[in-house]
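Since the structure comes first, as structure tokens, the remarks are kept for the end.
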Ligand code: NAD
Ligand code: DAU
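In this note's numbering, the protein residues as written are 135 to 493.
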């Protein structure tokens, strides 16, 4: 007999947000969590050490492009819900090597949709009704906002600027097509920039913390005036559970923390936290390490999410402000060098500014 727990297939569960989702879902006691991840450079099982030996957690190393492997996992694990996070996620890498983004984000999502549709069709009527395919997407699909006006709502037109955001936009369209054409019960969410523990140190916040701790330059693109809207990753994980379980089929939900900051403000806030917690050996502020570098091509000026629909319809609210979340994040990186230091020693091809460990 099927257990009372629902089985969630999380794709990309060894990544930054996916690992927070696996930890969150397992901690609720409401789900069996099945993590499917290819373990690219961005996937790291060390991020899931909290779940070692957990009775309701399982890991499969697989590629979402491998439809036979995905079909097998869906059936063998008797999956009730799919939360799809697996993706190539770094904008700078998409500028250097767009094809990996097309392969995983577009073809991989389409392959996953096909496998999920076959599985959904094989379920009993009552389980077909409660089945969900939750596609986790980004605010970047809406493109560039002026500095001084506008916010993204669920009705904002798609206008992606980078190969990354174009590939995510394409995947959103395929997800909607599988709902409209085949009736697959989908929900979508589009979230703003996340930050927090286990964030790969190629992204702005962990890169700046790690570089500052190692007395390396802090690379700020252009003048640091671009604005991002920040959300603590654990708040996103709670929002994703709400969308998956309470979201209306066929709908999308914008998720964000109403925390717009310029990149320079973010870097300065990290420097202030580090100055207080880990003063530089030679004196002076970490601010002295800031280095303005060549801008990212096609760099969107500003993102800003209007999360009113998620707040009103799902009853979700972030628990962290940007200030409390950033302090928690800096403290986590200070205490968990065992996690991020080995990642910086690896050498990766394709990073726009060269080797991650050498910056
Ligand atoms: P991440 O790069 O940290 O993790 C991606 C994970 O997907 C990794 O574990 C990787 O191994 C896995 N993966 C990649 N290709 C795969 C494939 N072909 N098959 C199976 N697994 C594969 O990404 P993240 O920052 O955790 O983002 C997760 C999702 O959330 C992505 O879809 C991203 O577009 C979306 N998103 C991210 C943010 C953000 O700020 N990080 C904001 C909004 C939306
Ligand atoms: O908005 C959501 C998106 O946020 C997600 O969909 C992406 O997966 C995620 O990577 C993130 O994209 P960004 O490009 O906004 O994140 P990143 O950390 O790369 O950059 C944040 C801002 O900081 C951006 O304006 C570029 C700038 N930046 C970034 C790096 C890595 C710098 O100034 N210096 C840097 O070294």
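Note that CB positions come from ideal geometry on N, CA and C, so glycine has one too.
Whether residue i touches residue j by CB criterion (8 Å)
i: residue 296; j: residue 225; result: yes
i: residue 190; j: residue 247; result: no
i: residue 386; j: residue 326; result: no
i: residue 346; j: residue 338; result: no
i: residue 165; j: residue 182; result: no
i: residue 299; j: residue 259; result: no
i: residue 444; j: residue 371; result: no
i: residue 404; j: residue 354; result: no
i: residue 341; j: residue 411; result: no
i: residue 216; j: residue 286; result: no
i: residue 167; j: residue 219; result: no
i: residue 204; j: residue 249; result: yes
i: residue 154; j: residue 454; result: no
i: residue 141; j: residue 170; result: no
i: residue 85; j: residue 396; result: Residue 85 lies beyond the residue range present for the chain, which begins at 135 and ends at 493; the question has no answer from this structure.
i: residue 201; j: residue 245; result: yes
i: residue 391; j: residue 366; result: yes
i: residue 318; j: residue 421; result: no
i: residue 446; j: residue 407; result: no
i: residue 293; j: residue 272; result: no
i: residue 199; j: residue 147; result: no
Three-state class that DSSP yields for residue i in the structure shown
i: residue 181; result: helix
i: residue 286; result: strand
i: residue 202; result: helix
i: residue 379; result: helix
i: residue 364; result: strand
i: residue 145; result: strand
i: residue 272; result: strand
i: residue 333; result: coil
i: residue 386; result: strand
i: residue 292; result: coil
i: residue 353; result: strand
i: residue 400; result: helix
i: residue 166; result: strand
i: residue 79; result: Residue 79 lies beyond the range of the chain shown here (135 to 493); nothing can be said about it.
i: residue 216; result: strand
i: residue 281; result: coil
i: residue 140; result: strand
i: residue 265; result: coil
i: residue 239; result: helix
i: residue 394; result: strand
i: residue 345; result: helix
i: residue 323; result: strand
i: residue 316; result: helix
i: residue 467; result: helix
i: residue 152; result: helix
i: residue 436; result: strand
i: residue 430; result: coil
i: residue 197; result: coil
i: residue 186; result: coil
i: residue 479; result: helix
i: residue 488; result: Residue confidence for residue 488 is low, a pLDDT of 38 falling below 50, so the modelled location carries little weight and cannot support an answer.
i: residue 227; result: helix
Residue i beta carbon near ligand 2 (any heavy atom closer than 7 Å)
i: residue 270; result: no
i: residue 419; result: no
i: residue 223; result: yes
i: residue 292; result: no
i: residue 338; result: yes
i: residue 367; result: no
i: residue 388; result: no
i: residue 274; result: yes
Any non-hydrogen atom of ligand 1 within 7 Å of residue i CB
i: residue 238; result: yes
i: residue 325; result: yes
i: residue 439; result: no
i: residue 184; result: no
i: residue 105; result: Look at the range of the chain in this structure, 135 to 493, and you will see that residue 105 is not part of it.
i: residue 426; result: no
i: residue 197; result: yes
Top-ranked residue by Cα proximity to residue i, from the options
i: residue 363; options: 393, 255, 413 and 303; result: 393
i: residue 279; options: 433, 466, 449 and 252; result: 433
i: residue 320; options: 381, 356, 375 and 158; result: 381
i: residue 221; options: 240, 231 and 438; result: 240
i: residue 282; options: 435, 419, 470 and 254; result: 435
i: residue 265; options: 329, 406 and 379; result: 379
i: residue 188; options: 198, 163, 175 and 195; result: 163
i: residue 377; options: 430, 441, 407 and 437; result: 441
i: residue 409; options: 465, 365, 333 and 391; result: 465
i: residue 475; options: 257, 174, 333 and 289; result: 333
Interface flag, residue i vs chain D, CB-CB below 8 Å
i: residue 363; result: The chain inventory of the structure shown lacks chain D, comprising one protein chain alone.
Check: residue i C-beta below 7 Å from any heavy atom of ligand 3
i: residue 220; result: You won't find ligand 3 in this model; what it holds is ligand 1 and ligand 2.
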